[in-house]
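**Q** Below you will find the structure I want to go over with you.
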Ligand code: BGC
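Numbering (the working numbering), first residue to last: 57 to 478.
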């Protein structure tokens, strides 16, 4: 059986973030906003992953994952300024040990959108002291978890966090001030640079990066000058700014990819859409990988997935996005891993639990787990370390989703028989 093979030692797995799955995260700014009704939904018990992590990791193992991304909840570890919690420390060590014992490589995010309430009270990321506070937490993590972690992500989608929390004002602290967004971005960038140096001082061999969201932009009309200019500006701020500011301080780049988006979009009107209405556009993944390639850093896909409660689109989604990655690899782009979002159904911030992204379905009432069929497709791919061409017949069943053009071109370029020809 022919396989479209991925590089050796490729990371295969899934991602989560603490507040979205752990449940009962009572010391952070999101929890407070949830209790005060400032956001539409409450995280509550979420997937109770704080208690059920060993069971969940066993399922990931069963699905052949060899890597797993999760975040440490700063507010659990440091519920009061400078006072670190012993039980939480033991807990995260247990998680890391469990992963190591299963042969699953942990990829640890230090900050995924939430902040300790005390930190928010002191002015959060707008204040210059934020950097100092964050570094104290990073130092503690290095001290207590460093022996188990080789791969660190400082921040998850800093530009998204800054925009939603300080510009659009829909996440805590609900500010609508674009100067604040700029200040926050600069503080986050500074915190990343310092954390990078701190981690390397203690762990010279560690790999440090950031999970960076990219959207595939293209002008709606490429003959229109204004349209082209707008696309460039939006792309610069959303996709490039953080990488340009920080590229010297990355050992690798984590890429979170979901969609094409407006304003200057080529999201086709008839595109398939997830339960949250996001247009599915695998070809955009090849495009953003090409854009990232300019920075000459290894890339790990740290998030890619869709809300699909009934699991009707996820199989195709996974295969098509992996083909888009394969196309990029065939062009010489250095992609080292694919972590699906998410391992579990989780608290989707403003969307609450309406968007079901899990490879594993979670029944919120009973906390029962059910592996979705698409998770087994990914598992087969992992076992083969690539996409078996036989699997492409699954795609043929769904003619509504066209083959990504970039993938077709990649096959032509590497001179293979094009298995995508239908
Ligand atoms: C975030 C995740 C979120 C996902 C899907 C990403 O931007 O990092 O926390 O669950 O999008 O909405």
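Glycine included, every Cβ here is placed at the ideal spot set by N, Cα and C.
Here the structure is a predicted model, which means the values were calculated and not measured.
By DSSP, does residue 392 sit in helix, in strand, or in coil?
**A** Three-state DSSP puts residue 392 in a strand.
**Q** For the alpha helix (DSSP H) containing residue 211, list its first residue and its last residue.
**A** Taken as a continuous stretch (DSSP letters only), residue 211 belongs to no alpha helix (DSSP H), being part of the beta strand (DSSP E) at 207-212.
**Q** Does DSSP put residue 451 in a helix, a strand or coil?
**A** DSSP places residue 451 in helix when its eight states are reduced to three.
**Q** On the DSSP letters alone, give me the boundaries of the beta strand (DSSP E) that residue 58 sits inside.
**A** Counting along the chain, residue 58 falls outside any beta strand (DSSP E), and DSSP gives it neither H nor E.
**Q** Name, in chain order, the residues that DSSP records as bridge partners for residue 67.
**A** Note: residue 67 sits in a beta bridge opposite 393.
**Q** Could you spell out where the beta strand (DSSP E) holding residue 315 opens and where it closes?
**A** Unbroken beta strand (DSSP E) run through residue 315: 309-316.
**Q** Got a sec, what are the start and stop residues for the alpha helix (DSSP H) residue 299 sits in?
**A** It spans 297-302 - the alpha helix (DSSP H) in which residue 299 sits, taken as one unbroken run.
**Q** Whole angstroms are fine: how far does the CA of residue 282 sit from the CA of residue 70?
**A** Distance between the alpha carbons of residue 70 and residue 282: 40 Å.
**Q** So, with DSSP's three-state summary, where would you put residue 77?
**A** Helix, per DSSP.
**Q** Look up residue 265 in the DSSP assignment and give the residues it is bridged to.
**A** Paired residues: 209.
**Q** State yes or no: is the C-beta of residue 269 nearer than 7 Å to some heavy atom of the ligand BGC?
**A** Within the cutoff, so yes.
**Q** Does DSSP classify residue 145 as helix, strand or coil?
**A** Residue state, collapsed to three classes: helix.
**Q** Are the beta-carbon atoms of residue 147 and residue 212 separated by less than 8 Å?
**A** Contact: no.
**Q** Using 8 Å as the threshold, is the C-beta distance between residue 312 and residue 355 below it?
**A** No, the pair does not count as a contact, with Cβ atoms beyond the cut-off.
**Q** Kindly indicate which residue of 109, 97, 132, 234 has the alpha-carbon position closest to the one of residue 158.
**A** For residue 158, the nearest C-alpha among the options comes from 109.
**Q** So, do the region 392-400 and the region 57-77 have three or more beta carbon pairs nearer to each other than 8 Å?
**A** Yes: the two stretches touch, three or more of their Cβ pairs being nearer than 8 Å.
**Q** Regarding residue 312 and the ligand BGC, is the C-beta to nearest heavy atom distance less than 7 Å?
**A** Residue 312 Cβ: within cutoff of the ligand BGC.
**Q** Can you tell me whether residue 421 is buried or exposed, with buried defined as 16 or more other CB within 10 angstroms of its CB?
**A** Burial call: exposed.
**Q** Alpha carbon to alpha carbon, how far is residue 249 from residue 376? Give it in angstroms, no decimals.
**A** Near 35 Å, if we compare the C-alpha coordinates of residue 249 and residue 376.
**Q** Suppose you measure from the CA of residue 47 to the CA of residue 106; what does that come to, to the nearest Å?
**A** Nothing in the structure corresponds to residue 47, since the chain is present only between 57 and 478.
**Q** Give me the DSSP bridge partner(s) of residue 443.
**A** Looking at the DSSP assignment, residue 443 forms a beta bridge with 60.
**Q** For residue 183, which of 216, 197, 246, 200 has the nearest alpha-carbon?
**A** Measuring from the Cα of residue 183, the nearest candidate turns out to be 246.
**Q** Assign residue 322 to one of three DSSP states: helix, strand, or coil.
**A** Since pLDDT at residue 322 reaches only 47, below the 50 mark, its modelled position is unreliable, and no value is offered.
**Q** What's the gap between the Cα of residue 125 and the Cα of residue 279?
**A** Their backbone Cα atoms lie some 42 Å apart in a straight line.
**Q** Determine the contact status of residue 341 and residue 413, defining contact as a CB-CB distance below 8 Å.
**A** No; because the gap between Cβ atoms is not below 8 Å, this pair is not in contact.
**Q** Assuming residue 349 and residue 309 are in contact, meaning their beta carbons sit under 8 Å apart, how far apart are those beta carbons, in whole angstroms?
**A** In fact, because the Cβ distance is near 10 Å, the residues do not count as touching under 8 Å.
**Q** Have a look at 299, 161, 295 and flag the residue whose alpha-carbon is nearest the alpha-carbon of residue 316.
**A** Cα-wise, what sits closest to residue 316 is 295.
**Q** If I measure Cβ to Cβ from residue 306 and keep anything under 6 Å in the same chain, skipping five residues before and after, which residues do I get?
**A** Excluding residues within five positions, the ones whose Cβ falls inside 6 Å are 265, 353.
**Q** Let me know the secondary structure DSSP gives residue 404 once reduced to three states.
**A** Coil at residue 404, not helix or strand.
**Q** Identify, in the order they occur along the chain, each residue of the same chain with its Cβ nearer than 6 Å to the Cβ of residue 58, setting aside the five sequence neighbours on each side.
**A** Excluding positions up to five away in sequence, the list reads 445.
**Q** Using the DSSP secondary-structure output, state which residues sit across from residue 136 in a beta bridge.
**A** DSSP, once it has assigned bridges, lists 139 as partnering residue 136.
**Q** Are residue 76 and residue 102 closer than 8 Å when you measure CB to CB?
**A** Yes; because the gap between Cβ atoms is below 8 Å, this pair is in contact.
**Q** Roughly how many angstroms lie between the CA atoms of residue 94 and residue 173, to the nearest whole one?
**A** Distance between the alpha carbons of residue 94 and residue 173: 15 Å.
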